[in-house]
Amino acid sequence: MDGSIPSAVSLIAVLLVATYYWTKSDPVPLPPGPKGHPIFGNALEISAAGASWLKFAEYADAYGPIVSVRILHQRMYILSDHHLATELLEKRASNYSNKGANGMAKLIGWDKDIMFMALGPTFKRYRTMLSRALNNRVAPDYISVQQEEVRSLMKRLVQSPNSFMEHVHLMGASIAVRIAYGHKVESYDDPFVQVAEEHMIGLSELMLPWKWAVNVIPALRHLPLSLPIFPFQRRAKQAKRIFDLHCQEPFKFVQEQMASGTAEDSFTSKLLQPENGQLPDDDTKEHVQCIAATLYGAGSDTTVSAVQSFFLAMTLYPQAQVKAQAEIAAYMQEQSMHDAPRRMLSITDRPHLPYTSALVRELLRWHPIVPLTPRRLGNEDDNNIVSRGQTYRIPAGSLILTNMWKMLHDPEVYEQPKRFMPERYLAANPPPDPENYAFGFECALVYMWHSSHYGFRNLLLNFTISKAKNKLGEDIIPEERYTNGIVSHPLPFDCSIVPREGCKERILEHTTE
Numbered sequence: 009m010d011g012s013i014p015s016a017v018s019l020i021a022v023l024l025v026a027t028y029y030w031t032k033s034d035p036v037p038l039p040p041g042p043k044g045h046p047i048f049g050n051a052l053e054i055s056a057a058g059a060s061w062l063k064f065a066e067y068a069d070a071y072g073p074i075v076s077v078r079i080l081h082q083r084m085y086i087l088s089d090h091h092l093a094t095e096l097l098e099k100r101a102s103n104y105s106n107k108g109a110n111g112m113a114k115l116i117g118w119d120k121d122i123m124f125m126a127l128g129p130t131f132k133r134y135r136t137m138l139s140r141a142l143n144n145r146v147a148p149d150y151i152s153v154q155q156e157e158v159r160s161l162m163k164r165l166v167q168s169p170n171s172f173m174e175h176v177h178l179m180g181a182s183i184a185v186r187i188a189y190g191h192k193v194e195s196y197d198d199p200f201v202q203v204a205e206e207h208m209i210g211l212s213e214l215m216l217p218w219k220w221a222v223n224v225i226p227a228l229r230h231l232p233l234s235l236p237i238f239p240f241q242r243r244a245k246q247a248k249r250i251f252d253l254h255c256q257e258p259f260k261f262v263q264e265q266m267a268s269g270t271a272e273d274s275f276t277s278k279l280l281q282p283e284n285g286q287l288p289d290d291d292t293k294e295h296v297q298c299i300a301a302t303l304y305g306a307g308s309d310t311t312v313s314a315v316q317s318f319f320l321a322m323t324l325y326p327q328a329q330v331k332a333q334a335e336i337a338a339y340m341q342e343q344s345m346h347d348a349p350r351r352m353l354s355i356t357d358r359p360h361l362p363y364t365s366a367l368v369r370e371l372l373r374w375h376p377i378v379p380l381t382p383r384r385l386g387n388e389d390d391n392n393i394v395s396r397g398q399t400y401r402i403p404a405g406s407l408i409l410t411n412m413w414k415m416l417h418d419p420e421v422y423e424q425p426k427r428f429m430p431e432r433y434l435a436a437n438p439p440p441d442p443e444n445y446a447f448g449f450e451c452a453l454v455y456m457w458h459s460s461h462y463g464f465r466n467l468l469l470n471f472t473i474s475k476a477k478n479k480l481g482e483d484i485i486p487e488e489r490y491t492n493g494i495v496s497h498p499l500p501f502d503c504s505i506v507p508r509e510g511c512k513e514r515i516l517e518h519t520t521e
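Numbering (the working numbering), first residue to last: 9 to 521.
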C-alpha cells in the first residue's frame, strides 16, 4: 500500500473499522474469507504478494469459489469459478454493470476508458463504434500493417536478438499506433510510443484497488490535487498529465492529417469521416478520442504481453515449439506443391494449423494477459449467490475481481494445469477455449489479441527459441515471473533466438508478397 494508508489515515481507519464491526449483521452471510489484521484487514498481505492472483488463488483453495477479503473497512469479492462468474457477470449483468473504476481512476479521468466504463448507453455506443472500425469487413485493411511490423520485428531479432524484449515493445506500439491513428513509428523514441508506455505503466500500477488510500477511502478524491497532502495526489496529478497527452496529441495529429489530405486509413480517420452525409458532432469526436486512446494504449500492451509470454513459453517448453514447427513445415511443403513457394504465413492459414492454433490458446491459458478483471455491483444487494450449496450476499457497490488465472488453472477443467499442453484442445472433448473469457467479460481488446496470431506463426516458421547459456555453457532456465499489474508482463529473462536454416537471408531482404 502507499504510505499514506498506515500513517495519515490511521485514525480514519480505526473509526471506519469500528463502524464496520458494530454494524448489525444481515441474515444472509457474506462469502467466507481470511480474517486478516484487525485494522488493515487483508491489505498488507495482498500488497506483499508478488502476484496478487496467486494470493487470491490460495484464498480460493482455502475458502471456495467466492471469497470475501477486507481492505480497511471495505470488502471486495474474488470470483474463481467460471460458472459462478458467468451467472453473476453475464446472466445478472444489469446489476453488475460497472466496470470497477476506483478513486484513482476517477481522479485521472480513466472512468471514460471503455475498459472501466459502466455497461450503459455510452458503453454501447463505444462498442458500436469499435465494431464499425474493426469488424471483419474492414479488418483486412489493417493486415498489411501487421505484416509489415512483424517483418520489422523479425529483422530486428536477426540483428540484435538479445534485445528481444525492447523489439517486442516497439512492434506492439507500432501496430497499435498505426491502426489507431495511421502514424508510422520509426523508433522506440517516438513521442506517441513513449507517452503510451508511461500511461500503461501508470495504469497497471494505479488501478490496483488495495494500493492507494483513495481507492480504499473514495471521499479522499475530493481533495484538490493542487494541494497534495497524500502521495496518491502527487501520483494522480502526474498520471492525469500523461493521460491527457495520451488522448489528445495523437488525435490532433489525425485531425491535422485529414485537414491536409494526407491521413492514412486508421481507426480514428474512419470514425471521423461523415456518416450518412453528417459530420461527427463534438460528442462523437470525444468518444472517438477516448476509444482510440484505449486501442493504442491497452491494445499495444496486450500485444506486448502476449508476444513476450510466447518467447518465455517457447524457451521453457521446446517440445511444443518442435511440434508446431513440424506442422508448419508440412503445411508449407504441401502448399508449395500447388502454388509458388511462400516466405511468410498469412492470416488465412490459421484453420490449416490446428496444433499451432492450440499452442496459441494454451499460451493464453498458461498465463492470461489480464489475470484479474474488475467489476462493481450496482445499487442493489445481491442476496442470492449460491456456491457449494450455501447462499451468500454481496452488498451494493462492492468491488468484484474475477481471478482469470485461477479459472484457467482449475484442475477440474484443465487437466494438469501447470503443464503447457496444447494437445488438450485437440482432444475429442476439449476444455473451454481460453479466448472466450481470458480478457474478462465484455472486453474490447480481443481484436488486438487475434492480430497477434499472425506474428506467432511466422516467428515459429523463421526462428528457433531456446535457453540461453551461461559462461560455463550451462542452460539458463528462466523463472515464470510476471509483473503484478492489470496487464501482466513477463519480467526480463534471457533466451536464445536463432534464425532457422535458410531464414536469415530472406528476413534481412525484407521482401513483400
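We treat Cβ as the ideally placed atom computed from N, Cα and C, and that holds for glycine.
All values derive from a computational prediction rather than experimental measurement.
7 Å Cβ shell around residue i - same chain, five flanking residues per side excluded
| i | result |
| --- | --- |
| Glu517 | none |
| Tyr490 | Ala59, His375, Ser496, His497, Pro498 and Leu499 |
| Leu253 | Val203 |
| Pro507 | Val166, Asn470, Phe471 and Ile515 |
| Ser460 | Thr311, Ala314 and Val315 |
| Gly525 | Nothing about residue 525 can be read from this structure; the chain reaches only from 9 to 521. |
| Arg229 | Gly111, Lys114, Leu115 and Val222 |
Residues bridged to residue i [DSSP beta-bridge criterion]
| i | result |
| --- | --- |
| Asn411 | Leu380 |
| Gln286 | Glu283 |
| Asn103 | Asn103 pairs with nothing; no bridge assigned. |
| Thr399 | Val394 |
| Pro498 | Tyr490 |
| Ser76 | Tyr85 |
| Pro507 | Phe471 |
| His45 | Gly49 |
Contact under 8 Å by Cβ, residue i with residue j
| i | j | result |
| --- | --- | --- |
| Ala306 | Met123 | yes |
| Glu157 | Ser182 | yes |
| Asp5 | Ile402 | What is shown of the chain runs 9 to 521, which leaves residue 5 out entirely. |
| Arg373 | Tyr325 | no |
| Phe319 | Cys503 | yes |
| Pro522 | Ile79 | With the chain represented from 9 up to 521, any question about residue 522 goes unanswered, as that position is not in the structure. |
| Asn492 | Phe64 | no |
| Gly386 | Asn103 | yes |
| His45 | Leu52 | yes |
| Glu288 | His191 | The sequence shown places Pro at residue 288, rather than the Glu named in the question. Contact flag unset, no. |
| Trp61 | Lys414 | yes |
| Ile377 | Leu138 | no |
| Leu97 | Ile74 | no |
| Ile484 | Phe172 | no |
| Ser406 | Arg384 | yes |
| Tyr400 | Val36 | yes |
| Ala334 | Pro430 | no |
| Ile151 | Ile355 | yes |
| Val224 | Gln82 | yes |
First and last residue of the uninterrupted alpha helix (DSSP H) at residue i
| i | result |
| --- | --- |
| Pro326 | Pro326 to Ser344 |
| Gln263 | Pro239 to Ser268 |
| Leu214 | Pro199 to Leu214 |
| Tyr85 | Per DSSP, Tyr85 belongs to no alpha helix (DSSP H); it is in the beta strand (DSSP E), Gln82 to Leu87. |
| Pro6 | Nothing about residue 6 can be read from this structure; the chain reaches only from 9 to 521. |
| Arg164 | Ile151 to Gln167 |
| Thr94 | His90 to Thr94 |
| Ser55 | Ala51 to Ala56 |
| Ala435 | That residue, Ala435, is in no alpha helix (DSSP H); it is neither H nor E in DSSP. |
| Trp61 | Ser60 to Tyr71 |
| Leu178 | Phe172 to Tyr189 |
| Ala404 | Per DSSP, Ala404 belongs to no alpha helix (DSSP H) and is neither H nor E. |
| Ala271 | No alpha helix (DSSP H) contains Ala271, which DSSP labels as neither H nor E. |
| Lys120 | It is not in any alpha helix (DSSP H) - Lys120 carries neither H nor E in the DSSP assignment. |
Continuous beta strand (DSSP E) stretch holding residue i: start and end
| i | result |
| --- | --- |
| Asn391 | Asp390 to Ser395 |
| Val222 | Val222 -> not in any beta strand (DSSP E); alpha helix (DSSP H) instead, spanning Ala221 to Val224. |
Residues of its chain near residue i, where Cβ-Cβ distance is below 6 Å and the 5 sequence neighbours each way are ignored
| i | result |
| --- | --- |
| Pro40 | Tyr71 |
| Met215 | Ile494 |
| Glu450 | Bear in mind that a pLDDT of 47 at Glu450, under 50, signals an unreliable position, so the number given afterwards is only what the model happens to contain. So no residue of the chain qualifies. |
| Lys245 | Leu233 |
| Val185 | His191, Val193, Phe200 and Tyr304 |
Cβ-heavy atom distance, residue i to the ligand GTP, below 7 Å
| i | result |
| --- | --- |
| Ala337 | This structure simply doesn't include the ligand GTP, nor any ligand for that matter. |
Neighbourhood of residue i by C-beta, 8 Å cutoff - its chain only, sequence neighbours within 5 removed
| i | result |
| --- | --- |
| Asp357 | Tyr339 and Arg465 |
| Ser395 | Pro39, Gly72, Pro73, Ile74, Asp89 and Leu92 |
### Task
Enumerate, from N- to C-terminal direction, the unbroken beta strand (DSSP E) stretches of 3 or more residues contained entirely within the stretch 456 to 494.
471 to 474
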